[in-house]
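Undergrad: Residues 6 to 300 (the numbering used here) make up the sequence shown, in order.
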Amino acid sequence: MKKIFSGFRENIAYPDSSNFRVILQKGCYHIDPHWHPCVEIILPLSGDYQVKTEEETYHLDKGDIIFLQSGTIHELTGSSKGTRLIFQFDVEILYSLREFQSLLFSFPSFFILKRNIKNPTYIAAEKLLLSVILESRRKKLLWEASLYSLVLQLYTLLFRSSALQMQILPGKNPGRITCRQETHQYQEKFLAVCQYLNQNLSSNITLEMAASYAGFSKFHFSRLFKEFVGMSFSQYVTGQRLHKAKLLLLTTQASITDIAMEAGFNSSSTFNRVFYQSEKMSPSGFRQSHAKLKT
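(1) How many angstroms separate the CA atom of E213 from the CA atom of I70?
(2) Please determine if the stretch 31 to 48 and the stretch 81 to 100 are in contact, where contact requires at least 3 C-beta pairs separated by less than 8 Å.
(3) With DSSP as the reference, identify every bridge partner of V44, one or two as the case may be.
(4) Taking 6 Å as the limit between beta carbons, can you name the residues of its chain near S114, skipping five residues before and five after?
(5) With H, G and I counted as helix, E and B as strand and the rest as coil, what does DSSP make of G52?
(6) Are the stretch 36 to 47 and the stretch 89 to 104 in contact at 8 Å, needing three or more beta carbon pairs?
(7) What's the C-alpha gap between M286 and L254?
(8) Taking just the CA atoms, how far does L247 sit from F291?
(9) Quick check on the DSSP output: what are the complete alpha helix (DSSP H) runs of length 4 or more inside the stretch 74 to 151, in order along the chain?
(10) For G180, count neighbouring C-beta atoms within 10 Å of its own C-beta (all shown protein chains included) and say buried if the count is 16 or more, exposed if not.
(11) Flag this pair as yes or no: are the beta carbons of A250 and F224 separated by less than 9 Å?
(12) Going by DSSP, name the residue or residues bridged to H35.
(13) Keeping to the same chain, check which residues put their C-beta closer than 8 Å to that of G52; ignore five residues upstream and five downstream.
(14) For Y63, report the span of its alpha helix (DSSP H) as first-last.
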């Protein structure tokens with residue numbers, strides 16, 4: 006097994022021809038800003054850890070868990086004492102399932118689950134990650150299938166958790182909805198709406214169609230969507246289409262026109278214009294800038 010750094014990109018070589026990499030890293034540790042196409046989960050088993058991403062530094066105490074999405078630039082620092090679980094796996098494991106694929110477009114670039122022995126989500130997540138360590142050590146028959154199952158359980162747990170739902174749907178403190186149970190029901194409703202939108206990005210989904218799917222009038226849906234998602238319907242759809250396009254630019258050799266169509270833009274010229282407004286560079290320039298990191 007070897008790990009190759011090309012500029013900011015870390016090229017992961019998985020051991021045993023698998024799709025998983027499980028490391029128990031000990032002692033002093035520092036790695037400069039980098040990114041990789043895999044998902045990375047870090048759990049300090051003893052000692053602490055520093056993760057810097059998006060110009061902010063986050064402190065992880067023993068037991069805290071951070072989930073880093075593929076393509077997220079991050080910097081890592083471990084104290085001289087301590088042991089950390091570093092679990093990396095091929096993102097295609099999650100994108101292979103259509104239901105997960107749609108939700109992953111809404112997953113933040115990173116998510117921190119703080120240690121809380123009274124939180125059922127945390128307890129279950131920690132248990133699943135400790136099972137990852139045991140399976141990777143024993144390597145019994147179908148150990149990789151077991152890791153695959155643990156990953157699916159872990160992300161199902163996350164997507165059902167209220168903490169992640171609040172980060173995906175930050176909202177703007179809905180004024181009229183004060184009942185906690187009713188608020189939770191609306192969150193689930195709009196998570197389902199977002200999933201529906203993400204599954205149909207390549208289609209010409211209108212506000213009227215989305216409102217009908219949710220069972221609201223156009224006006225009511227538009228207002229509630231902005232309250233619970235934190236942005237307008239059109240802003241959300243455009244943002245998700247751009248996110249999907251960036252993933253395709255990084256992970257495929259498809260033409261700009263094909264990517265524009267796959268991401269749901271009605272023409273390559275519209276795609277180029279919207280992409281430039283968001284990223285301050287063209288789609289081809291974005292792809293080339295990342296390609297340089299591989300050489």
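Quick reminder that beta carbons are idealized off the backbone N, C-alpha and C, glycines included.
As the structure is a prediction and not an experimental result, all values here were calculated from the model.
TA: On the basis of the data shown:
(1) 40 Å
(2) yes
(3) F94
(4) Q74, T77
(5) coil
(6) yes
(7) Taking the straight line joining both Cα atoms gives about 13 Å.
(8) If you draw a straight line from the Cα of F291 to the Cα of L247, it is about 12 Å long.
(9) Here the runs fully enclosed are 97 to 100, 103 to 109, 125 to 143.
(10) The predicted model places G180 with a pLDDT of 47, which falls under 50 and marks its position as unreliable, so this point remains unresolved.
(11) In this structure, F224 does not lie closer than 9 Å to A250 by Cβ.
(12) T82
(13) K67, G83, S84, K86, G87, T88, R89
(14) Per DSSP, Y63 belongs to no alpha helix (DSSP H); it is in the beta strand (DSSP E), 61 to 65.
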